[in-house]
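J.:
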Amino acid sequence: MSAQSSLRAFGVKAALANHSADAEGLKRALRALGGGVSLITAGEGETRTGATVTSATALSIEPPRMIISLKPFLLDMACRRGARSAAGLRSTTSRWNACDPMSELRHSVRHATRARRDSHDKSALGVWHASCMVQISTYRESTMALKSSYNMLSPDMLRKTTWKGSKTPPFENIENTTSGKMWSSIPGGHKWLGYFPVYDREFSRFRGKRPRVLEIGVYRGASLRLWSRFFGVGARIVGVDVNPQCSKSDNPGSNIHVEIGDQRDAAFLQSIVEKYGPFDLIIDDGSHVASHQIASFNALFMTGLKNNGIYFVEDFECMYWSNTDDYRDAPVTSTDFFKMLIDVQNSVFEDYTYQDFQVHRPTGLTEYSVFDIAKSLSNIKFARGVVVIEKMEQEPPRVLHL
Ligand SMILES: C[S@@+](CC[C@H](N)C(=O)[O-])C[C@H]1O[C@@H](n2cnc3c(N)ncnc32)[C@H](O)[C@@H]1O
Numbered sequence: 040m041s042a043q044s045s046l047r048a049f050g051v052k053a054a055l056a057n058h059s060a061d062a063e064g065l066k067r068a069l070r071a072l073g074g075g076v077s078l079i080t081a082g083e084g085e086t087r088t089g090a091t092v093t094s095a096t097a098l099s100i101e102p103p104r105m106i107i108s109l110k111p112f113l114l115d116m117a118c119r120r121g122a123r124s125a126a127g128l129r130s131t132t133s134r135w136n137a138c139d140p141m142s143e144l145r146h147s148v149r150h151a152t153r154a155r156r157d158s159h160d161k162s163a164l165g166v167w168h169a170s171c172m173v174q175i176s177t178y179r180e181s182t183m184a185l186k187s188s189y190n191m192l193s194p195d196m197l198r199k200t201t202w203k204g205s206k207t208p209p210f211e212n213i214e215n216t217t218s219g220k221m222w223s224s225i226p227g228g229h230k231w232l233g234y235f236p237v238y239d240r241e242f243s244r245f246r247g248k249r250p251r252v253l254e255i256g257v258y259r260g261a262s263l264r265l266w267s268r269f270f271g272v273g274a275r276i277v278g279v280d281v282n283p284q285c286s287k288s289d290n291p292g293s294n295i296h297v298e299i300g301d302q303r304d305a306a307f308l309q310s311i312v313e314k315y316g317p318f319d320l321i322i323d324d325g326s327h328v329a330s331h332q333i334a335s336f337n338a339l340f341m342t343g344l345k346n347n348g349i350y351f352v353e354d355f356e357c358m359y360w361s362n363t364d365d366y367r368d369a370p371v372t373s374t375d376f377f378k379m380l381i382d383v384q385n386s387v388f389e390d391y392t393y394q395d396f397q398v399h400r401p402t403g404l405t406e407y408s409v410f411d412i413a414k415s416l417s418n419i420k421f422a423r424g425v426v427v428i429e430k431m432e433q434e435p436p437r438v439l440h441l
């Protein structure tokens, strides 16, 4: 298959001809390529399109050429979802990820994969003249990196097995939990059933204590009503959402407040903290886009959350869907970001020795240099799809030998 015809088979309609790239340009671009999955875009100015590729490497420097390989699974998924109409795909994205700067690129990727499906050409290999390459961007797909470390588990653990689930009630997680029972009588929402035992276990200590709760992501207000009922009289429930329609759920008479703004906007979030906070509980059920979740955590954890409070992030499944890159828009996934807090929590050990922490030794220290956030990271707990980060002022690590 020629370079240009193979690109056309992928639906790449950007200007392919009349542009020559030099060998230096190709070398520079190749240096930017990391391992894992690369995202290759082609085009000029505003007209660009592209696709994720499972490998991208140099074929020749003179003439400058690359060889790329498309990810068959992505193509298959695009086919299956495409059968449910491409418009459906788009509306899902715009509903959850309003104002996303990557949306143009995502559209291009879908366009390329759809066109590839239509071509009925299953060979997922193409040779690409670097002359049509305007931009190559790569980012680490940490789920891919993680997958290579799966092999450290024993073969028994990795044996593929069947997991049966019933589609008919009763659903244990609804019947046997306080939050689940309440949720089942509130219309207008959808939640993973596994969350209810986690809600009960992690949030019950705030029940009846008039907590201040901030939730990012209102949608139709179902979870705001759940929190109001779950935490009881005196609880102040604040929802923020980028969609102005969500202000319909504003109900100050019931101490449910809705404010419109973007979860990426630190100044907006700070204004919410000043008006209603600081909070006992912050729940991020917003866009589920990695960079958004990271931005909100950075804006809220230190100043927006009380000591003894909980920061809770939902729907990490979005970091793992292999049929879409929509949510993995940051250098790391948000699961990796929150896992990193475990390293920060333990980072104080990097700069000292065991003896420095011994209280019964004259050489033991009484002062340590540490990242500010490490002083208040108490517990970091992951359950499937969620992370619970407990904030509580910590003592420095100290050892006592008796
Ligand atoms: C999963 S829904 C929230 C569901 C709600 N918590 C519930 O359980 O009933 C996600 C919401 O996040 C909102 N959203 C998307 N991007 C956002 C952003 N950048 N900032 C704030 N909200 C955003 C969407 O408008 C949508 O209403």
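Take any residue in the sequence shown, count from 1 to its spot, add 39: that is its number in the working numbering. The beta carbon of each residue, even a glycine, is placed where N, CA and C say it ideally should be. Bear in mind the structure is a predicted one, so any value in this text is a computation, not a measurement.
1) Ignore the nearest five residues each way along the sequence and tell me which others in PHE336's own chain have a CB closer than 7 Å to its CB.
2) With GLU298 and VAL281 assumed to form a contact (beta carbons below 8 Å), what rounded beta-carbon distance in angstroms separates them?
3) Three or more C-beta pairs closer than 8 Å, one from the stretch 417-425 and one from the stretch 227-247: is that the case here?
4) Quick test of the definition: if touching needs 3 or more C-beta pairs under 8 Å, does the stretch 237-253 touch the stretch 308-327?
5) Are the beta-carbon atoms belonging to PRO436 and PHE410 less than 9 Å from one another?
6) So who's on the other strand from ASP304, going by DSSP bridges?
7) Pick out whichever of MET221, GLY219, ILE428, TYR258 has its Cα sitting closest to the Cα of GLY227.
8) Less than 8 Å between the CB atoms is what I'm expecting for MET431 and ASN346, so what's the real figure, rounded?
9) Go through the stretch 332-383 residue by residue and report every complete run of the beta strand (DSSP E) that reaches 3 residues or more, in order.
10) Could you pull out every residue in the same chain whose Cβ sits closer than 6 Å to the Cβ of ILE419, ignoring the five residues on either side in sequence?
11) Based on Cα-Cα distance, which residue from ASN212, THR200, LEU439 lies nearest to PRO401?
12) Express the C-alpha separation of ASN190 and PRO208 in angstroms, rounding to a whole number.
13) May I ask which residues mark the beginning and end of the alpha helix (DSSP H) holding ASP280?
14) How long is the line joining the alpha carbons of SER94 and THR217, rounded to whole angstroms?
15) Report all residues from its chain with a CB closer than 7 Å to the CB of HIS331; omit the five preceding and five following residues, and keep chain order.
16) Cutting at 7 Å between CB atoms, please list the residues of its own chain near GLU356, excluding the five before and the five after it.
17) Do PHE377 and VAL352 have their CB atoms nearer than 9 Å?
18) Is the Cβ-Cβ distance between SER267 and SER293 less than 9 Å?
19) Just verifying my parser: in three-state terms, what is the DSSP assignment at ASN215?
20) Taking 8 Å as the cut-off, does the CB of TYR258 come closer than this to any heavy atom belonging to ligand 1?
21) State the DSSP-derived secondary structure class of HIS146, mapped to helix, strand or coil.
22) Any chance you could list the alpha helix (DSSP H) runs of at least 4 consecutive residues sitting entirely within the stretch 198-261, in chain order?
23) Is DSSP giving ASP395 helix, strand or coil here?
24) With C-beta atoms as the reference, is ARG246 less than 9 Å away from PHE210?
25) If ARG249 and GLY273 are in contact, beta carbons under 8 Å, what's the gap, nearest whole angstrom?
26) Could you tell me which of ALA305, SER205, ASN385, VAL398 sits nearest to SER415, measuring between CA atoms?
27) Counting only C-beta atoms, is ARG244 closer than 9 Å to chain B at any point?
T.: The structure says:
1) TYR350
2) Not quite, the Cβ-Cβ distance comes to about 11 Å (not below 8 Å), so this is no contact.
3) yes
4) yes
5) no
6) Answer by DSSP bridge pairing: none, since ASP304 is not bridged.
7) TYR258
8) 6 Å
9) 344-352
10) LEU380, ILE381, ILE428
11) LEU439
12) 37 Å
13) Per DSSP, ASP280 belongs to no alpha helix (DSSP H); it is in the beta strand (DSSP E), 275-280.
14) 49 Å
15) GLN302, ARG303, GLY325
16) GLY424
17) yes
18) yes
19) coil
20) yes
21) Summary for HIS146: the model assigns pLDDT 45, below 50, so the residue's position carries little reliability, and this model does not support an answer.
22) 211-214, 217-222, 234-242
23) helix
24) no
25) 3 Å
26) ASN385
27) Absent here is chain B; the protein component of the structure consists of one chain.
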